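K.L.:
Shown below is the structure under consideration.
Residue numbers (the numbering used here): 15 to 77.
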C-alpha cells in the first residue's frame with residue numbers, strides 16, 4: 015500500500031491521486047486537502063497539526 019506524500023496516512027489500493035511532477039518525481043495524495051496544501055499553498059507537513067509528521071515531534075517550537 016502507498017502512503018500519502020503530505021500527511022503520511024496509508025491509502026487503500028485504487029484510491030487517491032498520483033501526481034507526476036515535471037522532474038519525474040511521483041507524489042501520492044489521499045485527498046484534495048493534502049494536494050492543495052502541498053502544491054497550491056506550499057505548506058510543510060511538519061507545521062500542519064493534522065499530519066503524522068507533526069505528531070512525531072517535527073514542530074516542537076510551533077504552538
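Cβ coordinates follow ideal geometry from the N, Cα and C atoms, glycine included.
Note that the structure is a prediction, hence the values are computed from the model and not measured.
According to the neighbour-count rule (16 or more other Cβ atoms, all chains shown, within 10 Å of its Cβ), is residue 38 buried or exposed?
P.N.:
The residue given as residue 38 occupies position 24 in the chain shown. By the neighbour-count rule (16 or more Cβ atoms within 10 Å), residue 38 is not buried but exposed.
K.L.:
Check each candidate in 56, 58, 55 and 45 and name the one with the smallest Cα separation from residue 23.
P.N.:
Here residue 23 refers to the residue found at position 9 when the chain shown is read from its first residue. Ranking 56, 58, 55 and 45 by Cα distance to residue 23 puts 45 first.
K.L.:
Quick check: residue 15 and residue 25, are their CB atoms within less than 8 Å of each other?
P.N.:
Numbered from its first residue, the chain shown carries residue 15 at position 1. Numbered from its first residue, the chain shown carries residue 25 at position 11. A contact, by the Cβ cut-off of 8 Å.
K.L.:
Hey, how far is the Cα of residue 59 from the Cα of residue 53?
P.N.:
Taking the first residue of the chain shown as 1, we reach residue 59 at position 45. Taking the first residue of the chain shown as 1, we reach residue 53 at position 39. Taking the straight line from one Cα to the other gives about 12 Å.
K.L.:
Could you tell me the boundaries of the beta strand (DSSP E) in which residue 32 lies?
P.N.:
For the purposes of this step, residue 32 is identified with residue 18 of the chain shown, where counting begins at 1. Residues 31-34.
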